[in-house]
Amino acid sequence: MVVLKLNGGLGTGMGCTGPKSCIPVRGGDTFISLILEQLETLNKRFGVSVPLVFMTSFSLSLSPSLSLPLHPLPHVFMNSFSLSLSLSLPLHPLSQLFMNSFSLSLSLSLSPSTPFIPGVHELLQHSTGDKGRGPEVQQDGEADKDDPAYYYPPGHGDCLRAFKMSGLAEQFHSEGREWTFISNVDNLGATVDLPILQYLSTTKYDFMPELTPKTALDVKGGTVVSYHGALKLLELAQVPPEHVNEFKNIERFDTFNTNNNYVRLSAL
Numbered sequence: 561m562v563v564l565k566l567n568g569g570l571g572t573g574m575g576c577t578g579p580k581s582c583i584p585v586r587g588g589d590t591f592i593s594l595i596l597e598q599l600e601t602l603n604k605r606f607g608v609s610v611p612l613v614f615m616t617s618f619s620l621s622l623s624p625s626l627s628l629p630l631h632p633l634p635h636v637f638m639n640s641f642s643l644s645l646s647l648s649l650p651l652h653p654l655s656q657l658f659m660n661s662f663s664l665s666l667s668l669s670l671s672p673s674t675p676f677i678p679g680v681h682e683l684l685q686h687s688t689g690d691k692g693r694g695p696e697v698q699q700d701g702e703a704d705k706d707d708p709a710y711y712y713p714p715g716h717g718d719c720l721r722a723f724k725m726s727g728l729a730e731q732f733h734s735e736g737r738e739w740t741f742i743s744n745v746d747n748l749g750a751t752v753d754l755p756i757l758q759y760l761s762t763t764k765y766d767f768m769p770e771l772t773p774k775t776a777l778d779v780k781g782g783t784v785v786s787y788h789g790a791l792k793l794l795e796l797a798q799v800p801p802e803h804v805n806e807f808k809n810i811e812r813f814d815t816f817n818t819n820n821n822y823v824r825l826s827a828l
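So for the sequence shown, the working numbering puts the first residue at 561; every next one is plus one.
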């Protein structure tokens, strides 16, 4: 198997500006250092070599903090891949008009060398301030591609596609590894669960999330619902305002999505 940690986020929700994974948790230990210790313990205990993969984003490369440890532990093989870059257009009435008129998707996979789209730069000049602004536009009408606002990370939903495109998924599958365990880098309770792995080995399922009973502290988290005969993940952001209190009812929606997922590599 492979352990994959979603390490693309900044600690803005905790009042920090650097990578969330580098925030001290206990003493001098950070999320990353504790994850390394967890995996080293697993590998030493069972005499295995489960690799550790970090999914990063370009936001981390812009941070002065270290996004990955410089001194890995001897029993842990580490690797990483990055989310794609997407062109950033601010929320603006003309942006919506542009999208509707030309039926374009603005989530375009780009590299830093991708030329700026002509004719759109005027849409990017309406806003000031860092949050939600477009990239700076130079006098020649070209966007400053060194400006961080030129791009945005597409989020964790891009994880499986980016993992596959990196070549790591195929590499690990060729080594005989069948499962990838994916979890958030700040969830130190997300460890490899051997009973779950044993159960998966007896099933034909390709994807399995970990759920836990919802408590009063979990009312904002996602839950699983039945929708047109299939199980779907329902997040708070998808719930209309008039139904938010109903969504937070832990008796009606009694399961909580931990965002810990097992994915079969052969299916990917």
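For each residue, glycine too, the CB sits at the ideal point set by N, CA and C.
Cutoff 6 Å; reference residue i; Cβ partners in own chain excluding five residues on either side
i, result
"ASN819", "ASN744"
"ASP766", "ARG824, ALA827"
"LEU564", "VAL613, THR740, ILE742"
"GLU770", "THR818, ASN820"
"HIS716", "LEU566"
"GLU795", "GLY782"
"ARG586", "none"
"MET768", "TYR822"
Where residue i falls, given that 16 or more other Cβ within 10 Å makes a residue buried
i, result
"ASP746", "buried"
"ALA827", "exposed"
"THR616", "buried"
"TYR787", "exposed"
"ALA797", "exposed"
"ASP718", "buried"
"VAL804", "exposed"
"SER761", "exposed"
"PHE807", "buried"
"LEU720", "buried"
"PHE606", "exposed"
"PRO579", "buried"
"TYR822", "buried"
"PRO672", "At PRO672 the pLDDT is 35, less than 50, meaning the model places this residue with poor confidence and gives no usable figure here."
"LEU596", "buried"
"GLY575", "exposed"
"LEU728", "buried"
Cβ neighbours of residue i in the same chain (closer than 7 Å, five flanking residues each side left out)
i, result
"LYS764", "none"
"HIS733", "LEU825, SER826"
"VAL799", "PHE807"
"GLY588", "none"
"ARG737", "MET561, VAL562, LEU825"
Helix, strand or coil at residue i [DSSP, three-state]
i, result
"GLU770", "strand"
"THR601", "helix"
"ASN567", "coil"
"MET561", "coil"
"PHE816", "strand"
"LYS764", "coil"
"PRO653", "Summary for PRO653: the model assigns pLDDT 44, below 50, so the residue's position carries little reliability; its value from the coordinates is reported in the next sentence. Residue state, collapsed to three classes: helix."
"VAL779", "coil"
"LEU612", "strand"
"PRO579", "strand"
"PHE741", "strand"
"LYS724", "helix"
Same chain, Cβ closer than 8 Å to residue i, neighbours up to 5 away in sequence not counted
i, result
"LEU602", "VAL608, VAL610, THR751, VAL752"
"LYS774", "GLY781, THR783, ILE810, PHE813, ASP814, THR815, PHE816"
"ASN590", "Per the sequence shown, residue 590 should be read as Thr rather than Asn. Taken in chain order, the residues that qualify are SER581, CYS582, ILE583, PRO584."
"LYS724", "GLU730, LEU828"
8 Å contact criterion, which residue i and residue j should meet: CB distance rounded
i, j, result
"VAL784", "LEU777", "Not a contact, Cβ separation roughly 18 Å."
"MET561", "LEU757", "7 Å"
"LEU748", "LEU594", "6 Å"
Neighbour flag for residue i against chain B, beta carbons, 8 Å
i, result
"MET768", "Among the protein chains of the structure shown there is no chain B, as only one such chain exists."
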